[in-house]
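The opening residue of the sequence shown carries number 41 in my numbering; numbering runs sequentially from there. The beta carbon of each residue, even a glycine, is placed where N, CA and C say it ideally should be.
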Amino acid sequence: MDRDAILLTPGPLTTTLRTKLAMLRDWGSWDADFIAMTAELRRRLLAIVHADVDGKGAYAVVPLQGSGTFAVEAAVASVVPPPEQAGHLLVLDNGAYCKRLGRLATLMGRRTTILGHAEDAPVSADDLEAALRTDPSISHVGFIHCETGTGVLNPLQAVSDVCLRHGKGLIVDAMSSFAALPIDTRELTFDALIAASGKCLEGVPGMGFVFLRKAVLAGCEGRSHSLAMDLFDQHSYLEKTGQWRFTPPTHVMAALLEALRQFDEEGGQPARLARYTDNCRTLLDGLTALGLTPFLRPEVQAPIIVTWHAPAQANYDFKRFYEAAKRRGFLLYPGKLTQVETFRVGCIGAIDRSEMQQAVNAIGEALREMGLAR
Ligand SMILES: *Cc1c(COP(=O)(O)O)cnc(C)c1O
């Protein structure tokens with residue numbers, strides 16, 4: 041069928057035609073038009089976290105080429121000092137993306153400690169408090185807002201409060217939550233908060249961005265081991281010239297800007313959260329009625345992505361299930377848990393209840409085709 045499938049994945053995800061059409065031009069990276077687009081993009085991003093957008097507020101936003109992980113890596117490299125300068129990152133771990141954060145920090149030689157939690161529950165601000173009391177050498181805390189590996193929502197405000205009380209830096213991976221869940225710099229303090237173009241802003245993938253507290257940014261000069269990932273340099277160059285340091289992803293940025301305009305027209309973060317919550321409800325009701333069981337308890341489920349236990353029958357096979365759903369126009373996502381067989385269904389992207397109901401119907405048909413229906 042000559043029609044795009046609906047992506048029920050946590051990025052890339054389904055985008056609007058208007059967002060796709062925004063990419064049908066070429067821009068010069070040094071040109072005044074593109075410089076103005078970069079400035080508008082940064083203003084709109086700062087507004088989402090309620091930071092002052094006139095350049096005088098406490099936070100700056102620095103865009104970076106690459107997928108979301110590139111921006112996480114850049115944030116850790118630029119913000120966490122090496123061990124000889126007393127940097128020590130504590131990662132609150134309840135899933136695959138937390139482990140990725142721990143791994144990238146370790147690989148770049150940062151002293152890293154992992155505080156493990158169960159995968160089916162949020163990380164605990166009380167455990168963090170205890171860990172900080174026990175080990176005063178910890179300088180920074182690494183935290184995933186929505187752990188996309190399972191879909192669990194972690195307690196951002198409580199963790200930020202503990203870090204502030206103990207004078208520790210906080211690095212937030214808000215990749216899959218940004219623009220959908222509330223993040224308000226009038227109530228929260230963090231050193232760095234990372235998100236990307238191809239998630240809840242409903243742009244196309246290809247760039248990330250990092251909100252940095254300016255008081256922290258000032259001390260980041262010369263810290264990054266990497267030239268391309270140095271957020272201090274990227275920020276300085278942007279401030280000086282209005283341009284990205286190296287070739288910007290021009291089309292990705294144009295699409296993101298158009299996606300941001302639609303985000304505002306829709307009603308901003310509260311409207312996006314309402315739509316995704318409705319998608320999530322439709323999905324949970326629909327697949328539960330088909331006999332499937334969600335991995336998480338409803339109280340800890342973020343309305344971003346839902347992990348499902350695979351059907352218990354011996355003839356279940358994810359690849360065949362995936363293909364059966366794909367033939368009906370919907371792309372599912374594999375599970376990421378090691379202990380139990382699961383699959384995931386995203387609630388995000390330019391879709392609403394009607395597409396989600398169609399997805400439920402398609403999954404029901406796929407299960408019947410495979411002889412797995414209840
Ligand atoms: C998507 C995502 C990332 C980044 O993944 P990329 O594949 O590099 O774009 C990082 N953290 C979380 C929580 C995510 O959901």
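When you compare the CB of residue i with every CB in chain C, is at least one pair closer than 8 Å?
i: Glu409; result: Absent from the structure: chain C. Only one protein chain is present.
Would you check if the distance between the CB atom of residue i and the CB atom of residue j is smaller than 8 Å?
i: Arg285; j: Asp273; result: yes
i: Glu159; j: Asn194; result: no
i: Thr347; j: Leu330; result: no
i: Leu196; j: His185; result: yes
i: Ser237; j: Leu296; result: yes
i: Arg58; j: Glu306; result: no
i: Leu104; j: Gly248; result: yes
i: Met293; j: Met77; result: yes
i: Leu81; j: Val112; result: no
i: Thr322; j: Arg393; result: yes
i: Lys366; j: Ala79; result: no
i: Gln283; j: Ile88; result: no
i: Thr153; j: His128; result: yes
i: Gln309; j: Pro222; result: yes
i: Leu372; j: Tyr362; result: yes
i: Phe218; j: Ala235; result: yes
i: Leu204; j: Asp231; result: no
i: Leu132; j: Val163; result: yes
Across which residues does DSSP place residue i in a beta bridge pair?
i: Gly209; result: His180
i: Tyr362; result: Paired residues: none, contrary to the question.
i: Pro222; result: According to DSSP, Pro222 bridges with nothing at all.
i: Cys186; result: Leu193
i: Tyr99; result: Arg253
i: Val247; result: Note that residue 247 corresponds to Met in the displayed sequence, not to Val. Gln105.
i: Trp348; result: Pro334 and Phe383
i: Thr152; result: Leu129
i: Tyr373; result: Arg384
i: Leu233; result: Val212 and Phe251
i: Ile46; result: Phe370
i: His341; result: Before going on, a small fix: residue 341 reads as Gln here, not His. Looking at the DSSP assignment, Gln341 forms a beta bridge with Val192.
Measure the beta-carbon distance from residue i to residue j and round it to whole angstroms, keeping in mind my assumption that it falls under 8 Å.
i: Ala402; j: Gly369; result: 7 Å
i: Val181; j: Lys139; result: The pair is not a contact, with the Cβ atoms about 16 Å apart (cut-off 8 Å).
i: Thr290; j: Ser69; result: 6 Å
i: Ala399; j: Leu48; result: 6 Å
i: Leu271; j: Ser118; result: 4 Å
i: Leu155; j: Leu130; result: 6 Å
i: Arg84; j: Leu300; result: 5 Å
i: Ala126; j: Ser179; result: 6 Å
i: Pro245; j: Pro52; result: 5 Å
i: Ala161; j: Val340; result: 6 Å
i: Ala385; j: Leu278; result: Contrary to the premise, residue 385 reads as Val rather than Ala in this sequence. Actually they do not touch by this definition, with Cβ atoms about 38 Å apart.
i: Leu313; j: Gln353; result: 36 Å between Cβ atoms; not a contact.
Below 8 Å CB to CB, which residues in the same chain sit around residue i once its five sequence neighbours on both sides are set aside?
i: Tyr316; result: Ala220, Cys240, Pro343, Ile344, Cys387 and Ile388
i: Gly149; result: Pro122, Pro123 and His265
i: Leu267; result: Asp273
i: Ala98; result: Ala91, Asp92, Thr225, Arg253, Lys254 and Ala255
Which same chain residues, not among the five before or five after residue i, have their C-beta less than 6 Å away from its C-beta?
i: Thr333; result: His349
i: Glu169; result: Val202
i: Thr54; result: Ile46, Leu47, Gly389, Ala390 and Ile391
i: Cys320; result: Pro343 and Cys387
i: Glu409; result: Ala364
i: Asp318; result: Arg393
i: Gly326; result: Val400
i: Gly404; result: Leu330
i: Val120; result: Gly127, Leu129, Arg150 and His180
Beta-carbon within less than 7 Å of residue i's beta-carbon, same chain only, minus the 5 sequence neighbours each way: which residues are those?
i: Thr382; result: Phe335, Thr347, Trp348, His349, Ala350 and Gly375
i: Ala100; result: Leu252, Lys254, Leu257 and His275
i: Glu395; result: Ile46
i: Tyr137; result: Ile184, Glu187, Thr188, Gly189 and Asp213
i: Ala406; result: Phe361, Ala364, Ala365 and Arg368
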